[in-house]
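First comes the structure, then the notes that go with it.
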Amino acid sequence: MKQSVCRFVLFVSLCASALGAIAADNKVIEKPVVADTAEKFDAQAAEIRKEMSSGGRYEYIRPDERAKAETDLNSMAAMLQKSGSVAAMSKDERVQLFNTQEHVNGILTHSDSYRLVCERVAPTGSSIPVTKCRTVADIERNRLDTKKAMQDAMTIGSKCAGSNCRGN
Numbered sequence: 642m643k644q645s646v647c648r649f650v651l652f653v654s655l656c657a658s659a660l661g662a663i664a665a666d667n668k669v670i671e672k673p674v675v676a677d678t679a680e681k682f683d684a685q686a687a688e689i690r691k692e693m694s695s696g697g698r699y700e701y702i703r704p705d706e707r708a709k710a711e712t713d714l715n716s717m718a719a720m721l722q723k724s725g726s727v728a729a730m731s732k733d734e735r736v737q738l739f740n741t742q743e744h745v746n747g748i749l750t751h752s753d754s755y756r757l758v759c760e761r762v763a764p765t766g767s768s769i770p771v772t773k774c775r776t777v778a779d780i781e782r783n784r785l786d787t788k789k790a791m792q793d794a795m796t797i798g799s800k801c802a803g804s805n806c807r808g809n
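Right under this line is the structure:
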């Protein structure tokens with residue numbers, strides 16, 4: 642009896658740790674960029690640029706936000722290349738680097754596909770609001786699919802075939 646309870650507890654703890662590892666990949670990264678040295682930052686910047694491409698974590702970033710993030714990443718790289726590391730920077734340079742880092746982190750956190758957006762809406766036929774949560778990726782996919790469906794309906798629906806046309 643004791644052995645079966647121990648096995649059950651072990652099984653549950655292993656399952657929980659496995660689920661925790663899976664769920665960890667889908668969490669919003671609070672600080673995507675942490676600049677320390679030029680080498681570490683270059684690796685981080687390359688990873689972020691990869692994630693901003695199609696299929697990446699930040700694929701739904703707006704073009705103007707992407708340009709701002711690129712500018713910030715390039716600015717941070719230049720500051721770190723000049724000094725070598727944060728420790729070698731003057732106080733003013735560190736403040737400027739930190740502010741730029743916070744700006745790019747804000748942009749990336751806002752554009753993270755796994756960020757959860759919740760809203761309280763009343764479903765059709767009810768006046769009782771319900772909390773509905775979706776990820777940024779789900780919202781953007783839905784928006785793009787709806788836009789494509791509307792464009793397809795306008796294109797296909799506007800074609801006139803045979804005797805079904807008005808005015809014929």
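First residue of the sequence shown: 642, per our numbering; consecutive thereafter. Think of the CB as a built atom: it goes at the ideal place given N, C-alpha and C, for glycine as much as any other residue.
1) Got a sec? Which residues, its chain only, sit under 6 Å from E692 by beta carbon, not counting five neighbours each side?
2) Mapping DSSP to helix, strand and coil, what is E700?
3) Decide if S768 is buried, meaning its Cβ has at least 16 other Cβ atoms within 10 Å, or exposed.
4) May I ask you to verify whether the stretch 748 to 756 touches the stretch 773 to 784, counting CB pairs closer than 8 Å and requiring at least 3?
5) For K691, which of helix, strand or coil comes out of DSSP?
6) DSSP beta-bridge partners for S741?
7) Could you tell me whether the Cβ atoms of V669 and Q742 are closer together than 9 Å?
8) Using only alpha-carbon positions, find the residue among A790, A710, D683 that is nearest to G725.
9) Could you tell me the alpha carbon to alpha carbon distance between K789 and I797, rounded to whole angstroms?
10) Given a threshold of 16 other Cβ atoms within 10 Å of its Cβ, counted over all protein chains shown, does A687 qualify as buried or as exposed?
11) Assign L785 to one of two classes, buried (16 or more other C-beta atoms within 10 Å of its C-beta) or exposed (fewer than that).
Taking the definition as stated:
1) For the purposes of this step, residue 692 is taken as the residue at position 51 of the sequence shown. Excluding sequence neighbours, E692 sits near R698, Y699.
2) As a working mapping, residue 700 is identified with position 59 in the sequence shown. If DSSP states are grouped into helix, strand and coil, E700 belongs with coil.
3) In the sequence shown, counting from the first residue as 1, residue 768 sits at position 127. Answer is exposed; the Cβ neighbour count stays below 16.
4) yes
5) If you number the sequence shown from 1, residue 691 lands on position 50. In the structure shown, K691 sits in a helix (DSSP, three-state: H, G or I).
6) As a first step, residue 741 must be located in the sequence shown, where it is residue number 100. What sits at residue 741 in the sequence shown is Thr, not Ser. Paired residues: none, contrary to the question.
7) Position 28 of the sequence shown, counted from the start, is the residue given in the question as residue 669. Position 101 of the sequence shown, counted from the start, is the residue given in the question as residue 742. Taking 9 Å as the Cβ cut-off, V669 and Q742 do not qualify as a contacting pair.
8) Your numbering for residue 725 matches position 84 in the sequence shown. The option with the nearest alpha carbon to G725 is D683.
9) To locate residue 789, count along the sequence shown from 1; it is residue 148. To locate residue 797, count along the sequence shown from 1; it is residue 156. Straight-line Cα distance between these residues: approximately 12 Å.
10) Mapped onto the sequence shown, residue 687 falls at position 46. That one is exposed.
11) Position 144 of the sequence shown holds residue 785. Here L785 is exposed: its Cβ has fewer than 16 other Cβ atoms, across all protein chains shown, within 10 Å.
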